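This report concerns only the one structure given below.
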Amino acid sequence: MDSLIGYNIKFYNRYGTIDLNDMNLLNKENPHHIVYGDLNLPAFIIPNKIPANIFYGSCQKPHGTKISAIIRADEKMEDNFYQLEERPNSLFLMGDQIYADDVADPLFHKIKQVSQKIVGEDENNLLSLEPKLKKRPFRQSINKINGRQFIMGTFAKFTSNHASNHLIRFQEYVSMYLLTLGPAFWENNDEFPTFEQLLENDEYYIFFPKYRKRKRKKEMKKQKKQYETQLKEIHDFLPTLPALRRILANVPTYMIFDDHDITDDWNISQEWIDGVNRSNLGKHIISNGLAAYFLFQG
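Going by the numbering used here, the sequence shown opens with residue 6, and the numbers climb by one from there.
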């Protein structure tokens, strides 16, 4: 206790062994390395007699408009990496590490890509849980950007007002964590399609049909503005991810969920609980959110 404890991690499979160095995470020439100062390994402290220096954080939304404290926290670690009485030795993340209910349009597109790599689709499972999803337009809209608000409110019995891209599947929750806790899934893959490209590829759900020209045009204008605003916010968020990964690798971290880690207003009242408990889809989504929580935060 009261001293730096450096560590490495080795991964074994039938082809051999790799460690953090093999993954280029200890190389100081890599701008996304995970060590501080002139140390050779990530390191942490278990405090005994030295003061408890605590980082606190919550509510990480990639398209949030507030200035992130992550970069400043990373700088403080760099400035005090060897000063044990000044160096932060605990990080408490007290809820809303992800926003499962409030997902930016550009991020939903990326989540779909990562989800496909991890597991693929499980369409039949959802259709068996909620047969109404077999009907139009839900069978199409559920997999499109901006296509889930009605499904979440009517079928899952959720109450979020920002649920147009609400996470549903386990692999979507997993993808959200992977995309917001570090840079690995963004490296060499941080480009986004334009709004027009998404429309052309039929990846965007527009409520008004083509024969409602004026209303459809107005809706598309609104959605395009939202997409481009959120895209800028996502690009502002991405540079914080290497700093966040480095902090998590060097500071013992304690986490607990709040509502947004699962869905907005989660268990807020008995009426809410009773409504969701009558929905197979709602219970399924909560189970997926909890499973991902235990995997990444538990």
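Heads up, the beta-carbon is just placed ideally off N, CA and C, and yes, glycines get one too. Predicted model only: the values in this text are computed from it and were never measured.
Under 8 Å, do residue i and residue j count as touching if we go by C-beta distance?
i      : j      : result
Phe97  : Tyr61  : yes
Ser169 : Arg144 : no
Leu131 : Leu184 : no
Ile76  : Ala248 : yes
Asp270 : Trp277 : yes
Ile24  : Leu89  : Residue 24 is actually Asp in this sequence, not Ile. No. Outside cutoff.
Gly100 : Asp263 : yes
Gln275 : Asn151 : no
Quick one: Cα of residue i to Cα of residue j, how far?
i      : j      : result
Met260 : Pro67  : 18 Å
Pro56  : Lys81  : 16 Å
Arg226 : Ser120 : Sequence check: residue 226 is Lys here, not Arg. Their backbone Cα atoms lie some 29 Å apart in a straight line.
Leu204 : Lys54  : 60 Å
Ser146 : Asn282 : 24 Å
Asn18  : Gln235 : 40 Å
Within 10 angstroms of its Cβ, does residue i collect 16 or more other Cβ (buried), or is it exposed?
i      : result
Gln109 : According to the sequence as given, residue 109 is Ala; it is not Gln. It counts as buried.
Met332 : Lying before the first or after the last residue shown, residue 332 is absent from the chain, which here runs from 6 to 303.
Asp266 : buried
Ser133 : exposed
Output needed for residue i: all residues of its chain with C-beta closer than 6 Å, excluding positions within five of it in sequence on either side, in chain order.
i      : result
His171 : Asp106, Arg153, Met157
Lys230 : none
Asn4   : Residue 4 cannot be examined here, being either before or after the span of the chain that is shown, 6 to 303.
Ile51  : Met6
Leaving out five residues on either side along the sequence, give the residues of the same chain with a beta carbon under 7 Å from the beta carbon of residue i.
i      : result
Tyr178 : Ala105, Leu172, Asn293, Gly294, Ala297
Leu30  : His38, Ile39
Gly187 : Leu246, Leu249, Arg250
Can you give me the Cβ contacts of residue i inside the same chain, cut-off strictly under 8 Å, excluding the 5 residues immediately before and after it?
i     : result
Asn26 : Asn13, Asn32
Subject >> Inside the segment 89–131 only - alpha helix (DSSP H) runs reaching at least 4 residues >> reply: 110–123
Subject >> Length at least 4, wholly inside the segment 249–282: the alpha helix (DSSP H) runs in chain order >> reply: 275–282
Subject >> Entirely enclosed alpha helix (DSSP H) segments - the segment 178–227, minimum 4 residues >> reply: 200–205
Subject >> 4 or more residues per run - each alpha helix (DSSP H) lying fully within the segment 131–169 >> reply: 143–146
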